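Below is one structure, written out as structure tokens, with a few remarks after it.
Residue numbers (my numbering): 440 to 1123.
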């Protein structure tokens, strides 16, 4: 028979000053000679969130001491677990000695010791310690362990202090340190050395990076990474700051290398986003490099043009205001940043209000292109544009289910052109537009699927009146199922409008619990391209995580001019993202070249321990690979190994093709983060 006894001052005088009661449960409880309390058989003690289990407990009121016989099992409110053969503790279970003991922190890190001393419930000292987060099976050595003559666990600081520490792999010593400090598994942000990384590069040779993490308060941190190889001495930095209204990050590097440059090299990047008020967002994304080859030499980026942007957006229910400043740096060989143009500024204001059965949108905008190159012509031309517009749209449906949409508007634009004698200094354009779209959706609902068949017809009139303008922001017209019925299919304001246009689109959509599939057929013709062009589009989105989008555009001879295919597949063990784009060379007299590329990324979780990732980019037009990436990761409950291999086949700026290999090994169980993997267990 088990007894339940609440002991406050009568039997445990040491708890008389405690605010909480101690509860003792045991099979047999007796008062021995001298007033000692003896509890035996399935003993459990509960005090202020701490639970103790043992075979027997003897309480000596004269010395206010608990003598405990094991096996002993103690769980603290923080989740720490103590196991021991025998112990001597105070009644609060905060001070004392545990012998033949083991401490488990956050169910991840175990510390086995000959003796554990508890002091004040804050400091735990362990003597002759073996520390590991690996499963320990019989007499077999764990994959890794740290042997130390003394370890002190500071529960308030969440730190483990080691003395005379030796790292062993399968029992073989590989590293000795006289003193070492590591974060315990419950610490979110720990100052100190992070996981070193081995880097192998065909440009820089073999090197080692040693990142150091420095928290600065609760909302800021700094990471400093010295990186050295046979050909470079580099210092990398990253600063992060989280605010109530947003966050920002600044990173960069400075290098002194032997790659043929007689000065320090480096780069600086910063990005951030803030919401100072409801509906308002401020953001920036900045990057600059010391030379054309630095980013590629150090494997930071393969981009050959670097955009830096400052953006402001304010949105309300009936209005929109935005501004954007872009700075461009060219890394292309033979291309000057001064002629890109390197400075582009734009701002737009829109306001919507009801007008009759529709909605009127009033807008004003400005756009400026500034080139820093000297001389005249295309490479030195500066353009400033001011514009205002009005657009009225209305939509409705008849009783028979016919959906009718209409729009009418006028845009006025004034341009000032400098440093290009091919254009007048002042150019004025005005562009009215009228459009109507008619849709007739037909719906059939079944027990498992709903089918929708929708024919649509769009007619438009958008002439170009006024002066011809230089094509600063015009690019290829992209036609897909979402834009074929629109009057505004260009990506810029400088391209001449389509004039009179007509487009038709027939779409079929099936939706159900398993997902959605759609198929579309369209045709379009306008004054710029009187000959018809034909569009075929298809898409699928399944509940199993598979997503497909594709489109193809044909000319009047049914010759293919554009194709695009996008695939995304996310399953429990597989992830695949792929895109193929093919564009024929522009036939409108511009110099836009043809494009044919495929980009793919995939990952396969082979098991709970192994993961493989692949990536690549291939130029089909040039019949040459651009980039290939391979990643391999292995993890168990106590270690994570990451290996990465990448090869760039093309030149980037003035940097030659290069191969990079990275290796990092992380011992889990120290500080938080990373996925918890269940131990494989011990074979019988």
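Cβ atoms here follow ideal geometry from the backbone N, Cα and C, with glycine treated the same way. None of these values were measured; they are calculated from a predicted model.
- request: Tell me, to the nearest whole angstrom, how far the beta carbon of residue 630 is from that of residue 653; I am working on the premise that it is less than 8 angstroms.
  value: 6 angstroms
field: Rounded straight-line distance, which links the Cα of residue 547 to that of residue 573
entry: 9 angstroms
- request: Give the DSSP-derived three-state secondary structure of residue 670 in the structure shown.
  value: coil
- request: Determine the DSSP secondary structure at residue 967, reduced to helix, strand or coil.
  value: coil
query: Is it buried or exposed for residue 835, if we count other Cβ within 10 angstroms and need 16 for buried?
result: exposed
query: Going by DSSP, what residues sit across from residue 612 in a beta bridge?
result: 607
- prompt: Within this structure, are the beta carbons of residue 953 and residue 982 separated by less than 8 angstroms?
  reply: yes
field: Spatially closest choice to residue 826 from 866, 472 and 1008, by CA coordinates
entry: 866
- request: Name, in chain order, the residues that DSSP records as bridge partners for residue 505.
  value: 498 and 528
- prompt: According to DSSP, is residue 730 helix, strand or coil?
  reply: coil
- prompt: In whole angstroms, what is the alpha-carbon distance linking residue 1018 and residue 1040?
  reply: 9 angstroms
message: Residues in the same chain with beta-carbon distance under 6 angstroms from residue 803, minus the five sequence neighbours each way, listed in chain order, please.
response: 788 and 827
6 angstroms Cβ shell around residue 614 - same chain, five flanking residues per side excluded: 606
query: Whose C-beta lies closer than 8 angstroms to the C-beta of residue 970 among residues of the same chain, with five residues either side of it excluded?
result: 964, 994 and 995
field: Buried or exposed by the 16-neighbour rule on C-beta atoms within 10 Å, applied to residue 885
entry: exposed
- prompt: Rounded to a whole number of angstroms, what is the C-alpha to C-alpha distance between residue 617 and residue 604?
  reply: 6 angstroms
message: Could you pull the DSSP bridge partners for residue 1081 from this structure?
response: 1072 and 1103
query: Which one of 889, 923 and 710 has the shortest CA to CA distance from residue 895?
result: 923
field: Straight-line Cα distance separating residue 715 from residue 753
entry: 10 angstroms
- prompt: Leaving out five residues before and five after residue 1097 in sequence, what residues of the same chain have Cβ atoms less than 6 angstroms from its Cβ?
  reply: 641, 642 and 1087
query: Looking only at DSSP bridge pairs, what is residue 896 linked to?
result: 877 and 943
field: residue 736 - DSSP class collapsed to helix/strand/coil
entry: helix
task: Check whether the stretch 523 to 534 touches the stretch 555 to 562, taking contact to mean three or more Cβ pairs, one atom from each stretch, closer than 8 angstroms.
output: yes
message: Assuming the contact rule is C-beta atoms closer than 8 angstroms, residue 651 and residue 662 should be a hit. Round their C-beta distance to whole Å, please.
response: 7 angstroms
field: C-beta contact flag for residue 620 and residue 588 at 8 angstroms
entry: no
message: Considering Cα atoms alone, identify which of 947, 1023 and 1010 is closest to residue 1043.
response: 1010
query: Expressed to the nearest angstrom, what Euclidean distance is found between the alpha-carbon atoms of residue 921 and residue 693?
result: 46 angstroms
query: Cβ atoms of residue 492 and residue 477: under 8 angstroms apart, would you say?
result: no
- prompt: Under a three-way DSSP split, which group does residue 381 fall into?
  reply: Since the first and last residues shown for the chain are 440 and 1123, residue 381 lies out of range.
- prompt: Among all the DSSP beta bridges, which residues are the ones paired with residue 862?
  reply: Answer by DSSP bridge pairing: none, since residue 862 is not bridged.
query: Tell me which same chain residues have a C-beta within less than 8 angstroms of the C-beta of residue 837, skipping the five on either side of it?
result: 843
field: Residues of its chain near residue 846, where Cβ-Cβ distance is below 6 angstroms and the 5 sequence neighbours each way are ignored
entry: 832 and 874
- request: Look up residue 1061 in the DSSP assignment and say whether it is helix, strand or coil.
  value: coil
query: Rounded to the nearest angstrom, how far is the Cβ of residue 1054 from that of residue 1064, given a contact under 8 angstroms?
result: In fact, because the Cβ distance is near 12 angstroms, the residues do not count as touching under 8 angstroms.
field: Rounded separation between residue 484 and residue 475 - CA only
entry: 16 angstroms
field: Separation of residue 649 from residue 581, as counted between CA atoms
entry: 26 angstroms
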